[in-house]
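The sequence shown finishes on residue 464 if you use this note's numbering, and the numbering steps up by one all the way, no holes.
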Amino acid sequence: MRSSSKRPHIGLVAFYFPPSRASGVYRMLALANHLVEHGWDVTVFTVTPDFFEHITRSSDDSLLAAIDPRVQVERIPLPMRHLEQELRRFGPLRGNYPEVHRRVTARLIRRVWCDQYGSWVPGVIRRLVEVHRRHKLDLTLATGNPYSCYQAVWTFKKLTGVPYVLDSRDSWTLNLFTDEYAFPPGHAAFAWEKRTFADASLISFVNTPLLAWHQREYPGDADKMMVVANGYDAADAVTAGERTEAETTEESEPAEHRVHFGYVGTLTANQPHAIVWDGWRRAKEAGRLPDSVADLYGHLGFFGVSAAVRNTLPLDDATQDVVWHGAVGKAQIAQAYDALDVLLMIVADSPYVTSGKVFEYMSTGKPILGLYEADCAVAQVLDGYPLLVRTRSLAPDDIADAFVAARELVDTVTPEQVAAAREFATRYERTKQLDALEARLRRLLPGSAGVGGSTQSTASGGA
2 MRSSSKRPHI GLVAFYFPPS RASGVYRMLA LANHLVEHGW DVTVFTVTPD
52 FFEHITRSSD DSLLAAIDPR VQVERIPLPM RHLEQELRRF GPLRGNYPEV
102 HRRVTARLIR RVWCDQYGSW VPGVIRRLVE VHRRHKLDLT LATGNPYSCY
152 QAVWTFKKLT GVPYVLDSRD SWTLNLFTDE YAFPPGHAAF AWEKRTFADA
202 SLISFVNTPL LAWHQREYPG DADKMMVVAN GYDAADAVTA GERTEAETTE
252 ESEPAEHRVH FGYVGTLTAN QPHAIVWDGW RRAKEAGRLP DSVADLYGHL
302 GFFGVSAAVR NTLPLDDATQ DVVWHGAVGK AQIAQAYDAL DVLLMIVADS
352 PYVTSGKVFE YMSTGKPILG LYEADCAVAQ VLDGYPLLVR TRSLAPDDIA
402 DAFVAARELV DTVTPEQVAA AREFATRYER TKQLDALEAR LRRLLPGSAG
452 VGGSTQSTAS GGA
């Protein structure tokens, strides 16, 4: 791809990109489309789809249509025999000497690679160089995880002098749930994080708590860190939660009116499902939710179907009225929201974690039942949302009371409240977050004034 010399060229190193359905995909997909729309030439460097087919078994081909056709996508294969789960795909070393293979791989990860995807880096570097020769790259941006993407752009800068930006969707060396280091002393991740941070021109984080932790950890790099919150895509939110008058009339006078609570998104083992559904059970058995059902839309776990997650859900007890509908493609998400009356915000307990779904939830203007602790990062984002019902605590009885309060709210919601809720959400429309990043990226281009100024984006929500 060659275009006007007036258009800067950026390379986005994003391991997870369509057709992957990983949560981080939407952030990079939106950024690629946003930049190309705002006068950039964009090349994305990502892994080949066989990784999602054979290893994660999690993809959504409908996402491919969302990539702006002006975005160039380079797909680089990952040598992944060390990640294979099927015996017939094992290589000779792993197949015949599994313990030797395990030890060699563990040593590579601990001493050489940044993570288990480190074998992908040499191919990415070669492809970056090839593209750079054809169409000069002015800037690169790598998003983690995996954090081996950081290693790729760091090396590319050493070879070519092209500056790079790091985008941290999570944290490399911080365990978000224990607030402790994620690795033992001496692990390669510490050296590589320090090295890549030091040479980066800009480092972005998805929320203020993560920004603050890293600024404390790396004070010398603090002035080049900023928040770029996630958000919702306005084009996808237009029909969410809306029905025409004709559609409503067709479904009027049902044989039995049911109130639908629902969750849309990946359900994970980090979420407090056991206590949430204990609270639901108590309310149901006490006769406090006689007309209520719970509909779950999404994958159970990040890779395939997680038995550990499924076993925490009351799917096999018909008296609980909890139904799992399976995965929902991006094209069908609006229909899933339209079927629900109350959205369940179930979030892992961490001051550093906010679910990316919170922004999409708010854009619907529907009541949201907040099932999380007060110190959870999502609490800051939802604070002030007009149709929020939040549990007092994660004690089962308090959760039961919150379910009942949300059920009662459904009968009293007014069109004015829905409009106010949607208006509240507009501050988190994704382009408002990306505008601030795009402006900072332009300042890194040759001949610009460089990095400086505020470390905050226009809205400091989380992801």
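Quick reminder that beta carbons are idealized off the backbone N, C-alpha and C, glycines included.
* **Three CB pairs or more closer than 8 Å across the stretch 198 to 215 and the stretch 347 to 356** => yes
* To do: Below 7 Å CB to CB, which residues in the same chain sit around R311 once its five sequence neighbours on both sides are set aside?
  => On the sequence shown, residue 311 is found 310 positions in, with the first residue counted as 1. Excluding residues within five positions, the ones whose Cβ falls inside 7 Å are L301.
* For the alpha helix (DSSP H) that contains I68, what are its first and last residues? -> Mapped onto the sequence shown, residue 68 falls at position 67. It is not in any alpha helix (DSSP H) - I68 carries neither H nor E in the DSSP assignment.
* Counting only runs that start and end within the stretch 275 to 319, where is the beta strand (DSSP E) found for 3 or more residues in a row? -> 293 to 298
* Just curious, the beta strand (DSSP E) that T44 is in, first and last residue? -> Locating residue 44 in the sequence shown gives position 43, where the first residue counts as 1. Note, T44: beta strand (DSSP E), 42 to 48.
* Classify V26 as buried or exposed, calling it buried when 16 or more other Cβ atoms lie within 10 Å of its own Cβ. => Position 25 of the sequence shown holds residue 26. Buried, by the Cβ-count rule.
* To do: Starting from V163, follow the beta strand (DSSP E) in both directions and report where the run begins and ends.
  => Position 162 of the sequence shown, counted from the start, is the residue given in the question as residue 163. No beta strand (DSSP E) contains V163, which DSSP labels as neither H nor E.
* To do: Tell me Q73's beta-bridge partners as DSSP assigns them.
  => As a working note, residue 73 is residue 72 in the sequence shown. Bridge partners of Q73: T44.
* To do: Mark S169 as exposed unless 16 or more other C-beta atoms lie within 10 angstroms of its C-beta, in which case mark it buried.
  => Here the question's residue 169 lines up with position 168 in the sequence shown. With 16 or more other Cβ atoms within 10 Å, it is buried.
* Asked: Assuming I77 contacts F46 under a Cβ cut-off of 8 Å, what Cβ separation, rounded to an integer in Å, is found between them?
  -> Counted from its first residue, the sequence shown places residue 77 at position 76. Counted from its first residue, the sequence shown places residue 46 at position 45. Confirmed, about 6 Å.
* Asked: Cα-Cα, which of A199, M227, A189 is closest to K159?
  -> One-based indexing of the sequence shown puts residue 159 at position 158. The residue with the shortest Cα to Cα distance from K159 is A199.
* For the candidate residues E218, E131, S149, whose alpha-carbon lies nearest to that of Q117? -> By one-based count along the sequence shown, residue 117 stands at place 116. Here the closest residue by C-alpha is S149.
* So, T392 versus G266, is the Cβ gap smaller than 9 Å? -> Along the sequence shown, read from residue 1 onward, the residue named residue 392 stands at position 391. Along the sequence shown, read from residue 1 onward, the residue named residue 266 stands at position 265. Not a contact, by the Cβ cut-off of 9 Å.
* To do: Mind checking which residues open and close the alpha helix (DSSP H) that includes F404?
  => Position 403 of the sequence shown, counted from the start, is the residue given in the question as residue 404. Element bounds for F404: 397 to 411.
* Alpha carbon to alpha carbon, what distance is there between L446 and L64? -> Counting from one through the sequence shown, the residue named residue 64 turns up at place 63. Counting from one through the sequence shown, the residue named residue 446 turns up at place 445. Answer to the nearest angstrom: the Cα atoms are 30 Å apart.
* To do: Buried or exposed for A33, please, with buried defined as at least 16 other CB atoms from any protein chain shown within 10 angstroms of its CB.
  => What you label residue 33 is simply residue 32 of the sequence shown in a count that begins at 1. Buried: at least 16 other Cβ atoms inside 10 Å.
* Excluding the five sequence neighbours on either side, which residues of its own chain have a C-beta within less than 6 Å of the C-beta of N271, listed in chain order? -> Your numbering for residue 271 matches position 270 in the sequence shown. These residues qualify, in order along the chain: A349.
* To do: Mark P273 as exposed unless 16 or more other C-beta atoms lie within 10 angstroms of its C-beta, in which case mark it buried.
  => Position 272 of the sequence shown, counted from the start, is the residue given in the question as residue 273. It counts as buried.
* **Rounded separation between A422 and L79 - CA only** => The count along the sequence shown starts at 1 and reaches residue 422 at position 421. The count along the sequence shown starts at 1 and reaches residue 79 at position 78. Distance between the alpha carbons of A422 and L79: 44 Å.
* Asked: Are the CB atoms of A235 and S394 nearer to each other than 9 Å?
  -> Residue 235 sits at position 234 when you count from the first residue of the sequence shown. Residue 394 sits at position 393 when you count from the first residue of the sequence shown. Their beta carbons are not under 9 Å apart, which means A235 does not touch S394 by this criterion.
* Asked: Quick one, which of A403, L138, G12 has its alpha-carbon nearest R283's?
  -> Along the sequence shown, read from residue 1 onward, the residue named residue 283 stands at position 282. Residue A403 is the option with its Cα nearest to R283.
* In angstroms, rounded to a whole number, what distance separates the CA positions of V130 and A437? -> If you number the sequence shown from 1, residue 130 lands on position 129. If you number the sequence shown from 1, residue 437 lands on position 436. Approximately 29 Å, taken between the alpha carbons.
* Look up S60 in the DSSP assignment and say whether it is helix, strand or coil. => The residue given as residue 60 occupies position 59 in the sequence shown. In this structure, S60 counts as strand in the three-state DSSP scheme.
* To do: Can you have a look at S449 and say buried or exposed, based on whether 16 or more other CB atoms are within 10 angstroms of its CB?
  => Numbered from 1 along the sequence shown, position 448 holds the residue referred to as residue 449. S449 comes out exposed.
* To do: Report the rounded CA-to-CA distance for Y362 versus P315, giving the unit in angstroms.
  => Locating residue 362 in the sequence shown gives position 361, counting from the first residue. Locating residue 315 in the sequence shown gives position 314, counting from the first residue. Cα-Cα distance, rounded: 23 Å.
* To do: State the start and end residues of the unbroken alpha helix (DSSP H) segment that holds H35.
  => Along the sequence shown, read from residue 1 onward, the residue named residue 35 stands at position 34. Per DSSP, H35 belongs to the alpha helix (DSSP H) from 26 to 38.
* Since L372 contacts L345 with CB under 8 Å, what's their CB separation in whole angstroms? -> Position 371 of the sequence shown, counted from the start, is the residue given in the question as residue 372. Position 344 of the sequence shown, counted from the start, is the residue given in the question as residue 345. About 6 Å separates the two Cβ atoms, so the contact holds.
* Give the range of the beta strand (DSSP E) segment to which W325 is assigned. => For the purposes of this step, residue 325 is taken as residue 324 along the sequence shown, with counting starting at 1. Counting along the chain, the beta strand (DSSP E) containing W325 begins and ends at 323 to 327.
* When you compare each of D61, S21, G12 to V37 by their alpha carbons, which one comes out closest? -> Along the sequence shown, one-based indexing puts residue 37 at 36. Comparing Cα-Cα distances from V37 to each of D61, S21, G12, the minimum goes to G12.
* Close Cβ partners of A295 (< 6 Å) along its chain, the five nearest in sequence each way excluded -> Within the sequence shown, numbered from 1, the residue matching residue 295 stands at position 294. Excluding positions up to five away in sequence, the list reads F262, V323.
* Asked: Whose C-beta lies closer than 8 Å to the C-beta of T1 among residues of the same chain, with five residues either side of it excluded?
  -> Residue 1 lies beyond the range of the chain shown here (2 to 464); nothing can be said about it.
* To do: Provide the residue span of the beta strand (DSSP E) that contains R391, from first to last.
  => Within the sequence shown, the letter at position 390 stands for residue 391. Per DSSP, R391 belongs to the beta strand (DSSP E) from 389 to 391.
* Cα-Cα, which of R443, P220, Y233, I400 is closest to E465? -> Because the chain is modelled from 2 through 464, residue 465 falls outside the range shown and cannot be assessed.
* Would you grab the beta carbon distance between Q381 and V229 for me? Rounded to a whole angstrom, and I think it's under 8 Å. => Position 380 of the sequence shown holds residue 381. Position 228 of the sequence shown holds residue 229. Not confirmed; about 16 Å, so no contact.
* C-alpha gap between E251 and A340, whole angstroms -> As a first step, residue 251 is located in the sequence shown; it is residue number 250 there, counting from the start. As a first step, residue 340 is located in the sequence shown; it is residue number 339 there, counting from the start. Residue confidence for E251 is low, a pLDDT of 44 falling below 50, so the modelled location carries little weight; the figure read from the coordinates is stated next. Taking the straight line joining both Cα atoms gives about 14 Å.
* **Residue burial classification, A401 (beta-carbon count within 10 angstroms, cutoff 16)** => Here residue 401 refers to the residue found at position 400 of the sequence shown. The residue in question, A401, is buried, as its Cβ has 16 or more Cβ neighbours within 10 Å.
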